[in-house]
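Asks: The structure under discussion is supplied below as structure tokens; questions concerning it will follow.
2 protein chains.
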Amino acid sequence: MSDNENIKDLSRRKFLRNSAVTGVAGAGLAGGFGAGTMMSSRPAEAAQNNEHHVEPGELDEYYGFWSGGHSGEVRILGVPSMRELLRIPVFNVDSATGWGITNESKRVLGENAPLNGDTHHPKVSYTDASYDGRYCFINDKLNTRVARIRLDIMRADKIITIPNVQSIHGLTLQRVPSTERVFAAGEMIVPLNNNGDYLDDPSQYWTMMSCLDAETMEIKWQAIVDGNLDNCDTDYTGRFVAASCYNSSRGMTLPEMMGPERDWTVFFDVPAIEAAVAAGDYTTIGDSQVPVVDAREQAHEGRNTFALYVPTPRSPHGVNTMPPEGKYCVVSGKLSPTCTVIEWSRVGEWFDGGLDDPRDTVVAEPEVGLGPLHTTYDNRGNAYTSLFLDSQVVKWNVEDAIRSYNGEEVNYIRDRIDVHYNIGHIKASLACSRDVDGKYLTALCKFSKDRFLPVGPMHAENDQLIDITGEQMKLVHDGPTYAEPHDALMIRADQLNPSQIYTRDDPYFAETVAMAEADGVTLETDNKVIRDGNKVRVYMTSVAPNFGTTEFRVKRGDEVTIVVTNMDTIEDVSHGFALVNHGINFEIHPQQTSSVTFVADKPGVHWYYCSWFCHALHMEMSGRMLVEA
Amino acid sequence: MSDNENIKDLSRRKFLRNSAVTGVAGAGLAGGFGAGTMMSSRPAEAAQNNEHHVEPGELDEYYGFWSGGHSGEVRILGVPSMRELLRIPVFNVDSATGWGITNESKRVLGENAPLNGDTHHPKVSYTDASYDGRYCFINDKLNTRVARIRLDIMRADKIITIPNVQSIHGLTLQRVPSTERVFAAGEMIVPLNNNGDYLDDPSQYWTMMSCLDAETMEIKWQAIVDGNLDNCDTDYTGRFVAASCYNSSRGMTLPEMMGPERDWTVFFDVPAIEAAVAAGDYTTIGDSQVPVVDAREQAHEGRNTFALYVPTPRSPHGVNTMPPEGKYCVVSGKLSPTCTVIEWSRVGEWFDGGLDDPRDTVVAEPEVGLGPLHTTYDNRGNAYTSLFLDSQVVKWNVEDAIRSYNGEEVNYIRDRIDVHYNIGHIKASLACSRDVDGKYLTALCKFSKDRFLPVGPMHAENDQLIDITGEQMKLVHDGPTYAEPHDALMIRADQLNPSQIYTRDDPYFAETVAMAEADGVTLETDNKVIRDGNKVRVYMTSVAPNFGTTEFRVKRGDEVTIVVTNMDTIEDVSHGFALVNHGINFEIHPQQTSSVTFVADKPGVHWYYCSWFCHALHMEMSGRMLVEA
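First to last, the sequence lines map onto chains E and A. Counting from 1318, one number per residue, gives the positions in the first sequence under our numbering. Counting from 1318, one number per residue, gives the positions in the second sequence under our numbering.
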């Protein structure tokens, strides 16, 4: 088993059946893990949970926003049913909707966009630390991008590639007074001008925190930091953003990265950085015009005015501010069995000169178990930390952990529950907002092993749902999910108000409307073919079960743009435009206009059809493109 | 509402709330629909179904194979939990697995494959009319393709584009003695040599049935037919395949397609066609070498020896053979409120000269309701037909329908249940096989309207699960699904035996293994870089949490092939290879080899990382590609 011995308890069912002995922890992970080996006394399989079953026709209580990991998408789940209500294509190409194929989506994605992405941390926008239902932001670790999804139409409207850094890992939002800023944590360290000059000199490698304007999606500034940035979160005052750092030893290989007992959590003073930028006290890198400030320790004599580095054991991972007031943030140790509790007001004191030792911001460091990755919260003062190696969720009381840190004899651990298996992210309902309600918690497990019928070498992940209303946690649902849900959040159903049909003035297709106007075409009524040299624009309406144009003629080699406007007005009467043997298919929902551009390179008769079942005569909803040889 | 009035009862909830009046049927659909307006007396919301709930840790009873419609994929669901266990990328590009990006998948997809597809009818292979768990076949209506999925590794291993026709709609398999043949029904009529010569002469437009060899996936023959082919099914003897035809009037527009009261069901005598092909009695079309026979009525003097055309009311849609003996096939009327029951043995009699009138093969034509689309079965002699316009499933007894057709006074209708809303396909557990068990039925509903929390203008479909063990049907689950599940089938869990890890001799990556051997590389142990002019092949292993190569160097403009072999041996310890800012990410499951080829066009340091959470030190599993300027 070699290195895999690190993956403890990979299959509890097999473990029990075979009495196999699996190692607890590999090299570099030993020591002080007593708390982590305490197992739950309740077999998860015995949970009786019918009261959480959502009957046919009943609606869910929460919207869940799930990252799709390296599927490149974002998903909306209903909670507690854990049913997938929608996939939102973001960084991927989506065959069903034509995302990545239509002109409207290409305008968002940009020219020559990659075909994939690796979404990590979906975040819904805030007003005064409550979800306001306007936007969901999501990062792409693979191609170093950040996207904004409009939550009225559930489509991305802005995607930006972040320059000067490689891999956006953490993503978080300003909470107060509202989400005016988006913070994107660059993970990999690379030469600051990555043009090939410093290939062999890792001492020249660095990464940065980036701050985006949430409305324009332009980058306001970047700040160079020590170490690889990992996860991040903001406070409840609007002043600070914090990120965990791993690889403080600046290693290039795993052994080199495993150096110190402590890396750090870094806190950025946003107004201080923006004052410097406003004063012109910044540089730029290469072709990029983004203002860059230097938040590395070496760049500051005396106290660093941009960043506070708090030593934190070991390769710290999750950074999570405790609701509802945002008094503390908890940083989960990953390679340490501890969480580090930092008080936000003390961070302010440090920046304001009231504290000297960065560690004085730490108010507790409870031992929670093996492989703590992320922490979430209920509304009763308890934290819930995911334990990757223990395959458990541990519930602990924050104030009791602080009392323990201060020397009192108090057991801060409240409960443990097995999860299946090897949990990554964890998130309780509304736990990142002022409105935390302590009802449900989702455990995003990286291995499912034997929990579902086998479906080949690629296993599902397992998103488990846990009822946290009682003293003891209760597992209520095993949810297989496609690779690889990375993070999730839940908001109340009443906190979102999506559009059921498009309005004709929707900015998502405004450029297409402008093109039609320049052609003298009224999209809502006209079915016209406009020839402009070897460019042909075909405008048509769709009303179930008819396309307004059932035949048009072009010449081989013409660049053809097809624009379809769905004039149906009843919700859910969607159409699709599918052109056979041309790789073209796209969505046209009620009152939407969609378009595609391609070169007609095959002479002959080519049928198009409606791909979205719309009517008893749906199959007859079709037409022909005639391409002259 | 205009044409949308045809969509009856689009939102039952709103209907009840608003007391709105919706039309029952539009023009061309009137008359004789009395049976269709009988509503269920049981409100679906009242169903109590906890006994069907699958508790955490419990396994499902059935594998469900779902088409993903215009998502281009196939999905595996667990039944009765209706949880999605896996997506299988087929005609789409998949960001998570690298399907469409890796060399191995491109070998299956072919050069310059489109980025999308429209999957319709998944079919699992048979031995003696029982599912044998070897393959799942699936068609692509959008780009006229057929794919075969290996059910051991759940990846497509052959994809073929069907020449001479446009749009594969129906797909079905030979059942007896085993699945040696795959039948693919061409839908759209086009000029037989579609080179631009007959653009304006629809009298030259035709379509064909295609027969593929299930092992080689080569096309054995094509048969030109009258009308547009729609759905198809085979018998239980291995001799026949049947397809429904719509647009027998050969119209180009919807009004022209709505002509006759009857179109037809066409039956092909496979041995007769293959005897003609073996005798050299065929033609070819254009560049294609596929043998083409003419099964149109006009091509035969006297009795057509290839095809039997049975007049069938009206725009008939689903064709479904009744298990377990395969005595009848039921063709669902779509624009007629009837199903047509045809006895397979009489089809044989007709071909053998024993019957004169094609309609003498019809043994019943029950009135079932408005908009019958597809029919499925239990093991107690009952048929279940989906009614699109009624938004219902109707249960009727086949032998009673035959008695009624023969003049007896008998009520063949057993039950009706509302579904939500506008059902397309329907399928009961094992209903396409000898092992039909009459337990569950899935109703694939095209509209979900108000059944789930709203998620914007694009609504989920609704796959409902119905318990059919009792006299009355019982709705037990509402399942939202992403656009657009078209068809589904369920097989017993014991009928499938997928691999949990790859074997090193898997043919899926055999070409890559051969390339390594030619380079003198042992994939299982070597971490080597081979330079061959400006081509660079980088071979590396992966064992959690390490890539065998953590640094390699190329020159700008090199064509780089990266080959990764996952030497982990524990199931579910998958890795991904993600190269930042290069649009490259792909799966490497235990014991699998995967590869990708690209041009290194950006000088600088480029990190790659493991995208599949594999270990506590997963984030540290990374390496660098150094590109010299």
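Even glycine gets a Cβ: it sits at the ideal position worked out from N, Cα and C.
Using a Cβ-Cβ distance cut-off of 9 Å, determine whether Asp1580 (chain E) contacts chain A.
Replies: Position 263 of the first sequence, counted from the start, is the residue given in the question as residue 1580 (chain E). Not an interface residue.
Asks: Measure the alpha-carbon distance for Pro1572 (chain A) versus Ile1743 (chain A) and round it to whole angstroms.
Replies: Here residue 1572 (chain A) is taken as the residue at index 255 of the second sequence, counted from 1. Here residue 1743 (chain A) is taken as the residue at index 426 of the second sequence, counted from 1. Roughly 28 Å between the two C-alpha positions.
Asks: So what's Asp1411 (chain E) in DSSP terms, helix, strand or just coil?
Replies: Locating residue 1411 (chain E) in the first sequence gives position 94, where the first residue counts as 1. Asp1411 (chain E): strand per DSSP, three-state reduction.
Asks: Who are the neighbours of Glu1532 (chain A) on chain E, taking C-beta pairs under 8 Å?
Replies: On the second sequence, residue 1532 (chain A) is found 215 positions in, with the first residue counted as 1. Result: empty, since nearest Cβ-Cβ is about 21 Å, beyond 8 Å.
Asks: Hey, does Ser1357 (chain A) have any beta-carbon neighbour from chain E nearer than 9 Å?
Replies: Taking the first residue of the second sequence as 1, we reach residue 1357 (chain A) at position 40. With a pLDDT of only 38 at Ser1357 (chain A), under 50, the local geometry of the prediction cannot be trusted, and no value is derived from it.
Asks: Is Thr1600 (chain E) near Ser1649 (chain E), with beta carbons less than 9 Å apart?
Replies: As a working note, residue 1600 (chain E) is residue 283 in the first sequence. As a working note, residue 1649 (chain E) is residue 332 in the first sequence. It is not a contact, given that the beta carbons lie outside the stated cut-off.
Asks: What does the Cβ neighbour count give for Arg1329 (chain E), buried or exposed, with the cut at 16 atoms within 10 Å?
Replies: Your numbering for residue 1329 (chain E) matches position 12 in the first sequence. Residue confidence for Arg1329 (chain E) is low, a pLDDT of 42 falling below 50, so the modelled location carries little weight; the figure read from the coordinates is stated next. The residue is buried, with at least 16 neighbouring Cβ atoms inside 10 Å.
Asks: Using the three-state DSSP reduction, which class does Gly1395 (chain A) fall into: helix, strand or coil?
Replies: As a working note, residue 1395 (chain A) is residue 78 in the second sequence. Looking at Gly1395 (chain A) - three-state DSSP - the assignment turns out to be strand.
Asks: Give a yes or no on whether 9 Å exceeds the smallest Cβ distance from Ala1946 (chain A) to chain E.
Replies: Residue mapping note: residue 1946 (chain A) aligns to position 629 of the second sequence, counting from 1. Ala1946 (chain A) counts as touching chain E.
Asks: Let's test the definition: count the other Cβ atoms within 10 Å of the Cβ of Leu1346 (chain A) and tell me whether it reaches 16, buried, or not, exposed.
Replies: Position 29 of the second sequence, counting from 1, holds the residue named residue 1346 (chain A). Bear in mind that the predicted position of Leu1346 (chain A) carries a pLDDT of just 37, short of 50, making it too unreliable to give a figure here.
Asks: Kindly indicate which three-state DSSP category Val1594 (chain A) falls into: helix, strand or coil?
Replies: Numbered from its first residue, the second sequence carries residue 1594 (chain A) at position 277. Here Val1594 (chain A) sits in helix by DSSP.
Asks: For chain A, find out if any of its Cβ atoms is closer than 9 Å to the Cβ of Cys1549 (chain E); answer yes or no.
Replies: By one-based count along the first sequence, residue 1549 (chain E) stands at place 232. Output row for Cys1549 (chain E): interface = no.
Asks: Would you mind giving the Cβ-Cβ distance between Ser1561 (chain A) and Asp1547 (chain A), rounded to the nearest angstrom? I have them listed as a contact below 8 Å.
Replies: The count along the second sequence starts at 1 and reaches residue 1561 (chain A) at position 244. The count along the second sequence starts at 1 and reaches residue 1547 (chain A) at position 230. Between Asp1547 (chain A) and Ser1561 (chain A) the Cβ distance is about 4 Å, and since that is below 8 Å, they are a contact.
Asks: Could you spell out where the beta strand (DSSP E) holding Leu1402 (chain E) opens and where it closes?
Replies: In the first sequence, the residue the question calls residue 1402 (chain E) occupies position 85. Its beta strand (DSSP E) spans residues Arg1400 to Pro1406.
Asks: If contact is defined by three or more beta carbon pairs under 8 Å, each pair taking one atom from either stretch, is the stretch 1891-1905 of chain E in contact with the stretch 1420-1440 of chain A?
Replies: Yes: the two stretches touch, three or more of their Cβ pairs being nearer than 8 Å.
Asks: Where Val1830 (chain E) and Thr1910 (chain E) are concerned, what is the direct C-alpha to C-alpha distance, given to the nearest angstrom?
Replies: Here residue 1830 (chain E) refers to the residue found at position 513 when the first sequence is read from its first residue. Here residue 1910 (chain E) refers to the residue found at position 593 when the first sequence is read from its first residue. The alpha-carbon atoms of Val1830 (chain E) and Thr1910 (chain E) are separated by roughly 8 Å.
Asks: Bridge partners for Ala1501 (chain A) per DSSP, in chain order?
Replies: Within the second sequence, numbered from 1, the residue matching residue 1501 (chain A) stands at position 184. Ala1501 (chain A) pairs with A:Leu1488 and A:Ser1527.
Asks: Asp1754 (chain E) touches chain A at which residues, Cβ-Cβ below 7 Å?
Replies: Sequence index remark: in the first sequence, residue 1754 (chain E) carries index 437 (1-based). By Cβ distance, chain A contributes nothing, its closest Cβ being about 17 Å from Asp1754 (chain E), past 7 Å.
Asks: Counting contacts by CB-CB distance shorter than 9 Å, is Glu1401 (chain A) in contact with chain E?
Replies: Translated into the one-based positions of the second sequence, residue 1401 (chain A) becomes position 84. By this cut-off, Glu1401 (chain A) is an interface position.
Asks: For Pro1508 (chain E), tell me which candidate among E:Leu1490, E:His1486 and E:Val1542 has the shortest Cα-Cα distance.
Replies: By one-based count along the first sequence, residue 1508 (chain E) stands at place 191. Ranking the options by Cα distance to Pro1508 (chain E), first place goes to E:Val1542.
Asks: Expressed to the nearest angstrom, what Euclidean distance is found between the alpha-carbon atoms of Pro1689 (chain E) and Ala1800 (chain A)?
Replies: The residue given as residue 1689 (chain E) occupies position 372 in the first sequence. The residue given as residue 1800 (chain A) occupies position 483 in the second sequence. Cα-Cα distance, rounded: 38 Å.
Asks: DSSP beta-bridge partners for Ser1912 (chain A)?
Replies: The count along the second sequence starts at 1 and reaches residue 1912 (chain A) at position 595. Paired residue(s): A:Val1880.
Asks: Using the rule of at least 16 other Cβ atoms within 10 Å of the residue's Cβ for burial, across every protein chain shown, is Ala1364 (chain A) buried or exposed?
Replies: Within the second sequence, the letter at position 47 stands for residue 1364 (chain A). Because Ala1364 (chain A) sits at a pLDDT of 41, beneath the cut-off of 50, its placement in the model cannot be relied upon, and the point is left open.
Asks: Name the residue from A:Cys1453, A:Asp1449, A:Ile1818 and A:Ile1719 whose alpha carbon lies nearest to the alpha carbon of Pro1439 (chain A).
Replies: The count along the second sequence starts at 1 and reaches residue 1439 (chain A) at position 122. It is A:Cys1453.
Asks: For Tyr1856 (chain A) versus Ala1835 (chain A), is the C-beta spacing smaller than 9 Å?
Replies: Residue mapping note: residue 1856 (chain A) aligns to position 539 of the second sequence, counting from 1. Residue mapping note: residue 1835 (chain A) aligns to position 518 of the second sequence, counting from 1. Contact flag unset, no.
Asks: For Phe1557 (chain E), which beta-bridge partners are listed by DSSP?
Replies: Stepping through the first sequence from its first residue, residue 1557 (chain E) is reached at position 240. DSSP output for Phe1557 (chain E) lists E:Asp1586 as bridge partner(s).
Asks: State yes or no: is the C-beta of His1976 (chain A) within less than 9 Å of the C-beta of Glu1378 (chain E)?
Replies: Examination of residue 1976 (chain A) is not possible in this model, given that chain A is present from 1318 through 1946 alone.
Asks: Whose C-beta lies closer than 8 Å to the C-beta of Thr1655 (chain A) among residues of the same chain, with five residues either side of it excluded?
Replies: Taking the second sequence and counting its residues from 1, one reaches residue 1655 (chain A) at position 338. Cβ within range, chain order: Pro1630, Glu1682, Pro1683, Glu1684, Val1685 and Pro1689.
Asks: Is it right to say Arg1697 (chain A) is buried, meaning 16 or more other beta carbons lie within 10 angstroms of its own, or is it exposed?
Replies: On the second sequence, position 380 is the one that residue 1697 (chain A) refers to. Arg1697 (chain A) should be labelled exposed.
Asks: Consider the Cβ of Met1938 (chain E): report whether some Cβ of chain A lies at a distance smaller than 9 Å.
Replies: As a working mapping, residue 1938 (chain E) is identified with position 621 in the first sequence. So, interface residue.
Asks: What residue range does the alpha helix (DSSP H) around Lys1423 (chain E) cover?
Replies: Numbered from its first residue, the first sequence carries residue 1423 (chain E) at position 106. Asn1420 to Leu1426 is the span of the alpha helix (DSSP H), which, as asked, contains Lys1423 (chain E).
Asks: Tell me the DSSP secondary structure of Gln1615 (chain A) in three-state form.
Replies: Within the second sequence, residue 1615 (chain A) is the residue found at index 298, counting from 1. If DSSP states are grouped into helix, strand and coil, Gln1615 (chain A) belongs with the helices.
Asks: Determine the direct distance from the alpha carbon of Leu1792 (chain E) to that of Glu1362 (chain E), and round the result to whole angstroms.
Replies: Counting from one through the first sequence, the residue named residue 1362 (chain E) turns up at place 45. Counting from one through the first sequence, the residue named residue 1792 (chain E) turns up at place 475. In this prediction, Glu1362 (chain E) scores a pLDDT of 41, lower than 50, which makes its location untrustworthy; the coordinate-derived value is nonetheless stated afterwards. In a straight line, the C-alpha of Glu1362 (chain E) is about 8 Å away from that of Leu1792 (chain E).
Asks: Identify the residues that DSSP records as bridge partners of Trp1416 (chain A): which are they?
Replies: As a position in the second sequence, residue 1416 (chain A) is number 99, starting the count at 1. DSSP lists A:Asp1411 as partners of Trp1416 (chain A).
Asks: Closest to Leu1672 (chain E) by CA distance: which of E:Thr1702, E:Val1627, E:Met1639 and E:Gly1850 is it?
Replies: Within the first sequence, numbered from 1, the residue matching residue 1672 (chain E) stands at position 355. It is E:Val1627 whose Cα lies nearest to the Cα of Leu1672 (chain E).
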